[in-house]
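Numbering (our numbering), first residue to last: 5 to 115.
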């Protein structure tokens, strides 16, 4: 289960992490080692639409969990999830499904 006080964790993630700008149609992946038990992912935009896919992979293209999100306002309705990630070889892959005109920002870190 996710740790308590998700609002505070979300704010901490925004302030402690640079984040990654992902243009429309782009893919961004982050690897994690076996010592990481949970992974936080925050996706948002600057009031534009957010259309993305977030996957927790274990091994090459072997997804354990997969989420697709769409909202017309990625600032008002951002996505914040915490994945349990037991074992080795875990990767978070974010795919921006929107066109080039709709970038998003991804913050990904161990919880």
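The beta-carbon is built from N, C-alpha and C at its ideal position, and this holds for glycine as well. Keep in mind the model is a prediction, meaning the values are calculated, not measured.
Measure the C-alpha to C-alpha separation of residue i and residue j and round it to an integer number of angstroms.
i	j	result
residue 23	residue 68	23 Å
residue 21	residue 44	11 Å
residue 111	residue 81	15 Å
residue 58	residue 70	6 Å
residue 32	residue 9	27 Å
Residue i and residue j look like a contact to me (Cβ under 8 Å); what is the Cβ gap, rounded to whole Å?
i	j	result
residue 115	residue 15	Contact doesn't hold; Cβ gap of about 14 Å is too wide.
residue 17	residue 47	With 8 Å as the limit, residue 17 and residue 47 do not qualify as a contact, their Cβ atoms being about 11 Å apart.
residue 61	residue 108	In fact, because the Cβ distance is near 19 Å, the residues do not count as touching under 8 Å.
Return the bridge partner residues of residue i from the DSSP annotation.
i	result
residue 85	45
residue 75	54
residue 14	Paired residue(s): none; residue 14 is not in a bridge.
residue 114	43
Just to confirm, does residue i get its C-beta within under 7 Å of one of the non-hydrogen atoms of the ligand GDP?
i	result
residue 53	In terms of ligand content, the structure shown is empty, and the ligand GDP therefore cannot be addressed.
Is it buried or exposed for residue i, if we count other Cβ within 10 angstroms and need 16 for buried?
i	result
residue 78	buried
residue 92	exposed
residue 104	exposed
residue 51	exposed
residue 38	exposed
Nearest to residue i by alpha carbon, out of the options?
i	options	result
residue 73	61, 39, 11, 99	99
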